[in-house]
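A.B. asks: Just so you know, the protein sequences line up as chains E and H, in that order.
For the first sequence, this note's numbering assigns the number 15 to the initial residue and increments by one for each residue that follows.
For the second sequence, this note's numbering assigns the number 928 to the initial residue and increments by one for each residue that follows.
In this text, a Cβ means the ideal position worked out from N, Cα and C, and glycines have one as well.
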Amino acid sequence: GENVEQHPSTLSVQEGDSAVIKCTYSDSASNYFPWYKQELGKRPQLIIDIRSNVGEKKDQRIAVTLNKTAKHFSLHITETQPEDSAVYFCAASKVGEYGNKLVFGAGTILRVKS
Amino acid sequence: DAGITQSPRHKVTETGTPVTLRCHQTENHRYMYWYRQDPGHGLRLIHYSYGVKDTDKGEVSDGYSVSRSKTEDFLLTLESATSSQTSVYFCAISVKPGGRNEQYFGPGTRLTVT
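1. Taking the straight line between their C-alpha atoms, what separation do you get for H:Lys984 and E:Pro96?
2. Report yes if the C-beta distance between H:Arg995 and H:Thr982 is below 7 Å; otherwise report no.
3. Using a Cβ-Cβ cut-off of less than 7 Å, list which residues of the segment 100–127 of chain E approach chain H; keep chain order.
4. Can you give me, in chain order, the residues of the segment 60–71 of chain E that have a beta carbon less than 9 Å from any beta carbon in chain H?
5. Can you check which of these residues, H:Asn955, H:Val993 and H:Tyr975, is closest to H:Gly930 by C-alpha distance?
6. Answer yes or no: does any C-beta atom of chain H fall closer than 7 Å to that of E:Arg57?
7. Can E:Asn67 and E:Lys108 be called in contact, C-beta distance under 7 Å?
8. Which residue's Cα is closest to the Cα of E:Lys72: E:Thr83, E:Gln59, E:Ser88 and E:Ala84?
9. When you compare each of H:Arg1037, H:Thr1039, H:Phe1017 and H:Gln933 to H:Gln1030 by their alpha carbons, which one comes out closest?
10. For H:Gly1033, go through chain E and note every residue whose CB falls closer than 7 Å to its CB, in chain order.
11. Any chance you could list the beta strand (DSSP E) runs of at least 3 consecutive residues sitting entirely within the segment 937–1015 of chain H, in chain order?
12. Give me the Cα-Cα distance between H:Gln912 and H:Ala1019, rounded to the nearest whole angstrom.
13. Anything in chain E within Cβ reach of H:Gln1030, meaning under 8 Å, just list it in chain order.
14. Inspect the beta-carbon positions of E:Phe47 and E:Ile64 and report whether they are closer than 7 Å.
15. Across the segment 15–28 of chain E and the segment 111–122 of chain E, are there enough close Cβ pairs to call them in contact, namely three or more that are closer than 8 Å?
16. I think E:Glu70 touches E:Tyr39, with their Cβ atoms under 8 Å apart; what is that distance to the nearest whole Å?
17. Express the C-alpha separation of H:Leu1038 and H:Gln1012 in angstroms, rounding to a whole number.
18. Can you give me the start and stop residues for the beta strand (DSSP E) that E:Val68 sits inside?
19. Using 8 Å for Cβ pairs, my map puts E:His86 next to E:Ile76. What's the rounded Cβ distance?
20. Taking 7 Å as the CB-CB limit, is H:Leu1002 close to chain E?
21. For H:Leu972, would you say it is in contact with chain E, using Cβ-to-Cβ distances shorter than 7 Å as the test?
22. Checking the sheet assignment: what are the DSSP bridge partners for E:Lys51?
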C-alpha cells in the first residue's frame, strides 16, 4: 500500500522568511495530493491540493509542487507570518469509485518566530 | 465546516466497555471516513463508506466496526475498548471523487480508555 514520508518533523523560521516542507510517496498510482494545516486542538483544514496531471499550484502565499517521476511533492510558504505556526500534514491518495482514502505523512511542526 | 458534527466530543471509558462514536453530515455526501490521530503517526484511516450499507476497512481497522444505515450518519464502534485505542478520532467527508476530491474533517472526538 501507499506510504508517505514527510520532512522535516519540525521547522523554525523567522517571520517573513520562506518555509518548505517535503513529502515522498511510494505508490505511483496515487493521483491526489492535499496539504492540511492543523492548529492546536482543532481539526485539520485543507489549505491546498494538487492532482497528478498538474506540476504546480499556487494560492497567494502558498504553493505546492509535484514531481511524479521522483514521487515527491512539496509545500512552499512565502513571507511567513506568526499565524502560519501550526502542524502541517501532507497526504496522498488514489481517488476512485470507492472514495478518496488518504494516507498521511507524520506531520511537520512549523514555528514562525516574530 | 462542510456540515459535519461528531458526538460525543470527549469521552472517558474503561477498558473492555463498548463505545460508539457518531458522525453526522447534513449535505448528503456519499463518501465518509473515520481516521484516528496519534502523535508521530499523523492521521490513519480506520474505515470508510462509499454509500449506505457500503463500508470497507482502512489501514488500522482491527478492533473497530462501522455502520451506515442512512446517508447522514456514520457510526464507529469499539466493541471492547483497549488503552491502545486512546486517541483523537476524526470523521471526514469527501465531496466528489473524480470531480472535486477535497476531503473535509469534523471537529473530532477525544477518547480516553482507562
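C.D. replies: From the atom records:
1. Start at 1 with the first residue of the second sequence, and residue 984 of chain H comes out as number 57. Start at 1 with the first residue of the first sequence, and residue 96 of chain E comes out as number 82. C-alpha separation (whole angstroms): 39 Å.
2. Position 68 of the second sequence, counted from the start, is the residue given in the question as residue 995 of chain H. Position 55 of the second sequence, counted from the start, is the residue given in the question as residue 982 of chain H. In this structure, H:Thr982 lies closer than 7 Å to H:Arg995 by Cβ.
3. Of all residues in the segment 100–127 of chain E, the ones placed with a Cβ closer than 7 Å to any Cβ belonging to chain H are Phe103, Val109, Gly110, Tyr112, Gly113, Asn114, Lys115, Leu116, Phe118, Gly119, Ala120 and Gly121, in chain order.
4. The segment 60–71 of chain E vs chain H, Cβ under 9 Å: Leu60, Asp63 and Arg65.
5. By 1-based counting over the second sequence, the position of residue 930 of chain H is 3. Put simply, of H:Asn955, H:Val993 and H:Tyr975 the residue whose alpha carbon is nearest the alpha carbon of H:Gly930 is H:Asn955.
6. Here residue 57 of chain E refers to the residue found at position 43 of the first sequence. By this cut-off, E:Arg57 is an interface position.
7. For the purposes of this step, residue 67 of chain E is taken as the residue at position 53 of the first sequence. For the purposes of this step, residue 108 of chain E is taken as the residue at position 94 of the first sequence. The Cβ-Cβ distance between E:Asn67 and E:Lys108 does not fall below 7 Å.
8. Taking the first sequence and counting its residues from 1, one reaches residue 72 of chain E at position 58. The residue with the shortest Cα to Cα distance from E:Lys72 is E:Ser88.
9. Numbered from 1 along the second sequence, position 103 holds the residue referred to as residue 1030 of chain H. Measuring C-alpha to C-alpha distances from H:Gln1030 to each of H:Arg1037, H:Thr1039, H:Phe1017 and H:Gln933 identifies H:Phe1017 as the nearest.
10. If you number the second sequence from 1, residue 1033 of chain H lands on position 106. The contact set of H:Gly1033 on chain E, defined by CB atoms closer than 7 Å, consists of Arg57 in chain order.
11. Complete beta strand (DSSP E) runs here, min 3: 937–940, 946–952, 958–965, 969–978, 981–984, 991–997 and 1000–1005.
12. No statement about residue 912 of chain H is possible, as the shown extent of chain H runs from 928 to 1041 and does not include it.
13. Stepping through the second sequence from its first residue, residue 1030 of chain H is reached at position 103. Using a Cβ-Cβ cut-off of 8 Å, H:Gln1030 is close to Pro48, Leu60, Asn114 and Leu116 of chain E, given in chain order.
14. Within the first sequence, the letter at position 33 stands for residue 47 of chain E. Within the first sequence, the letter at position 50 stands for residue 64 of chain E. Note that the C-beta distance between E:Phe47 and E:Ile64 is below 7 Å.
15. Segments in contact, yes.
16. Start at 1 with the first residue of the first sequence, and residue 70 of chain E comes out as number 56. Start at 1 with the first residue of the first sequence, and residue 39 of chain E comes out as number 25. Between E:Glu70 and E:Tyr39 a beta carbon distance of about 17 Å is seen, past the 8 Å cut, so the two are scored as non-contacting.
17. The count along the second sequence starts at 1 and reaches residue 1012 of chain H at position 85. The count along the second sequence starts at 1 and reaches residue 1038 of chain H at position 111. For H:Gln1012 and H:Leu1038, the distance between alpha carbons rounds to 8 Å.
18. Working through the first sequence from its first residue, we reach residue 68 of chain E at position 54. E:Val68 -> no beta strand (DSSP E), and no H or E assigned at all.
19. Stepping through the first sequence from its first residue, residue 86 of chain E is reached at position 72. Stepping through the first sequence from its first residue, residue 76 of chain E is reached at position 62. About 17 Å separates the beta carbon of E:His86 from that of E:Ile76, a gap too long to meet the 8 Å contact definition.
20. Looking up residue 1002 of chain H in the second sequence gives position 75. H:Leu1002 does not count as touching chain E.
21. Position 45 of the second sequence, counted from the first residue, corresponds to residue 972 of chain H. Cβ-Cβ to chain E under 7 Å: yes for H:Leu972.
22. As a working note, residue 51 of chain E is residue 37 in the first sequence. E:Lys51 is bridged to E:Gln59 and E:Tyr102.
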